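Report on the following structure.
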Amino acid sequence: MADGGGARPALVPAQQSKRGILDLLESDRVRKGLAAVAGKHMNPERMTRLIINAINRTPDLLKCDPRTVLGATMTTTALALEPNTPQQLAWLLPYKTRRKVGDNEWEDYYECQFQIGAQGWKELMYRSPGITRVNAGAIYEHDRFVFKDAADIVFEYEPNYLVDDPGRIVAGYAYAKLETERGVDLIPTVVPWKEIEKIRSRSETYRSLLRGIDNARNPDQRQKAERKLAETPWVMWEDQMVEKSCTKRLRKKVPITPQIAAAAAIDDGADVGQIDFSQMTDPDLVRAVASGEAEAPLIEHGEDQPMNNDIGAEQQREPAPAQQQAAASREPKPNARRADTPPAEDAMPDLPPDDATDTGSLFSE
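Each residue of the sequence shown is one higher than the one before, counting from 2 in the numbering used here.
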């Protein structure tokens with residue numbers, strides 16, 4: 002099993018670190034590790050190309066502890082969700098945090114985190130036997146909506162396209178169509194805004210930036226914190242976060258696979274900064290976690306703390322957008338309003354030398 006402890010490697014020049022992570026991804030032992038966790042839905046060679054593309058498009062990944070990059074890669078491979086693509090199934094994201102190095106002394110470092118997108122949750126749902134359709138979206142105050150639960154399930158939703166301003170989001174919905182012996186059942190779920198606020202409050206990034214606003218010592222600091230809060234997915238892509246939250250909630254009402262249950266546990270833990278992806282480099286552990294046979298390793302709290310006042314778009318734990326497109330309509334479909342993660346020209350921790358280790362952690366000696 003991987004050892005997530007110990008000192009983090011020293012920083013090296015960006016070009017050297019980039020070559021190092023590329024060499025790591027193309028090494029035989031990592032290829033074998035990816036093949037060991039990849040299921041029928043995923044091709045290890047394609048996953049390697051996707052990760053290389055993600056690094057090229059999001060250079061801040063080069064700053065991350067390489068163990069977390071590899072661990073997040075192994076995780077998304079095991080769940081068969083292609084990361085950082087226009088399909089927006091899942092994301093590998095650089096996240097800045099702080100580590101205690103002495104009495105009242107802290108140093109900054111980056112780790113790679115894994116998040117599942119709204120479309121990724123739909124993809125996972127479709128792998129469940131009998132599910133033929135999954136949809137979700139946000140409900141605005143000027144829309145027409147009828148929902149009746151408990152045995153008499155009635156589900157109607159009409160966006161109001163006759164008004165320029167749809168109003169605020171008042172709820173979110175998701176539904177699945179499930180083939181049974183009786184025919185096709187409609188299984189909806191509705192999440193009121195109060196519940197959505199509770200889900201949002203569990204986001205580590207969102208909470209940290211709110212604290213930054215509250216703790217601002219002058220107007221300039223407050224304006225800076227407010228600008229950063231405005232860049233978070235829960236503000237810029239609120240409807241997409243509602244869609245993801247509702248689709249994820251829907252899993253509680255339909256037959257699901259062990260993989261979906263495991264994905265929910267991983268996504269929940271990553272959202273609040275609890276999953277230690279540096280330990281998810283052991284193929285056996287990754288397979289066990291992805292199949293629901295084991296729990297994901299957790300970060301030992303007390304040694305690390307999130308950055309409160311200097312969190313940019315590249316450090317967001319929620320799914321960061323993939324590309325800038327034209328404004329999308331409010332139909333319940335993937336939102337096109339996306340933006341690139343800001344580039345950076347920094348370095349990443351050096352990588353351990355390659356070896357012939359084929360089992361256990363891919364970073365084992």
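Note that beta-carbon positions come from the ideal geometry of N, C-alpha and C, so glycine has one too. Note that this is a predicted model, so its numbers are computed, not measured.
Looking only at its chain, what residues have a beta carbon closer than 6 Å to the beta carbon of residue i, apart from the 5 residues adjacent to it on each side?
| i | result |
| --- | --- |
| TYR158 | PHE146 |
| GLU244 | ALA119, ALA137 and GLY138 |
| ILE132 | MET126, ALA177 and LEU179 |
| ASP186 | LEU179 |
| ARG183 | none |
| GLN316 | Any reading at GLN316 must be qualified, since the residue scores a pLDDT of 38, below 50, and its modelled position is unreliable; the value itself is stated next. Correct list, in chain order: TYR96 and LYS97. |
| THR49 | LEU26 |
| ARG288 | VAL38 |
| GLU83 | LEU51 and LEU90 |
| PRO189 | PHE156 and TYR176 |
| THR78 | LEU35, VAL38, ALA39, MET43 and MET48 |
For residue i, which residues in the same chain have their Cβ closer than 8 Å to its Cβ, ignoring the five residues on either side in sequence?
| i | result |
| --- | --- |
| HIS42 | ALA81 and ARG128 |
| VAL155 | VAL147, PHE148 and LYS149 |
| ALA231 | MET237 |
| ASN336 | Note on ASN336: pLDDT 35, under 50, position unreliable in the model; the coordinate value appears next. Counting only Cβ-Cβ distances below 8 Å, and skipping sequence neighbours, we find TRP238, ASP240, GLN241, GLU244 and ALA329. |
| GLU296 | ALA266 and VAL290 |
With DSSP run on the structure shown, which of helix, strand or coil describes residue i?
| i | result |
| --- | --- |
| GLY184 | strand |
| ILE56 | helix |
| LYS41 | coil |
| GLU108 | strand |
| ASP166 | coil |
| ARG68 | helix |
| GLN114 | strand |
| ILE276 | strand |
| GLY173 | strand |
| THR282 | coil |
| GLY293 | coil |
| THR76 | helix |
| THR49 | helix |
| LEU23 | helix |
| PRO193 | strand |
| ILE267 | helix |
| ARG9 | The predicted position of ARG9 is uncertain, since its pLDDT is 44 and thus under 50; a value taken from the coordinates is nonetheless stated next. Note: ARG9 maps to coil in three-state DSSP. |
| ILE261 | helix |
| GLU319 | Legend: pLDDT at GLU319 = 38, less than 50; position of this residue unreliable, value from coordinates given subsequently. DSSP places GLU319 in coil when its eight states are reduced to three. |
For residue i, count neighbouring C-beta atoms within 10 Å of its own C-beta (all shown protein chains included) and say buried if the count is 16 or more, exposed if not.
| i | result |
| --- | --- |
| PRO298 | buried |
| THR98 | buried |
| SER369 | No statement about residue 369 is possible, as the shown extent of the chain runs from 2 to 366 and does not include it. |
| THR233 | buried |
| THR181 | exposed |
| ASN85 | buried |
| GLU205 | buried |
| LYS229 | buried |
| TYR162 | exposed |
| GLU294 | exposed |
| GLN224 | exposed |
| LYS249 | buried |
| ASP268 | buried |
| GLU112 | buried |
| GLY103 | exposed |
| ARG47 | exposed |
| ARG252 | buried |
| ASP277 | buried |
| ASP109 | exposed |
| VAL31 | buried |
| TRP122 | buried |
| GLU124 | buried |
Kindly list the residues whose CB is nearer than 7 Å to the CB of residue i, restricted to its own chain and excluding five residues on each side of it in sequence; keep chain order.
| i | result |
| --- | --- |
| SER172 | Sequence check: residue 172 is Ala here, not Ser. ILE140, VAL191, VAL192, PRO193 and TRP194, listed in sequence order. |
| VAL164 | HIS143 |
| ALA271 | GLN114, PHE115, GLN116 and ARG318 |
| ARG134 | ALA177 and LYS178 |
| ALA226 | LEU210, GLY213, ILE214, ALA217 and ASN310 |
| SER246 | GLY173, VAL192, ILE197 and ILE200 |
| THR258 | ARG128 and SER129 |
| ARG208 | SER202 |
Report the partner residues of residue i according to the DSSP bridge assignment.
| i | result |
| --- | --- |
| LYS33 | According to DSSP, which records beta bridges pairwise, LYS33 is partnered with nothing at all. |
| TRP92 | GLN116 |
| LYS178 | ARG134 and LEU187 |
| PRO84 | ALA91 |
| GLU159 | ARG145 |
| GLY103 | GLU106 |
| LEU299 | ILE276 |
Just to confirm, does residue i get its C-beta within under 7 Å of one of the non-hydrogen atoms of the ligand FAD?
| i | result |
| --- | --- |
| ILE117 | Inclusion of the ligand FAD in the displayed structure is not the case, the ligand content being empty and no account of it being possible. |
Could you tell me which uninterrupted alpha helix (DSSP H) segments, each at least 4 residues in length, are contained entirely in the stretch 119–157, listed from first to last along the chain? 119–127
Fully enclosed by the stretch 198–255, which alpha helix (DSSP H) runs are 4 residues long or longer? 205–215, 220–231, 234–237 and 239–251
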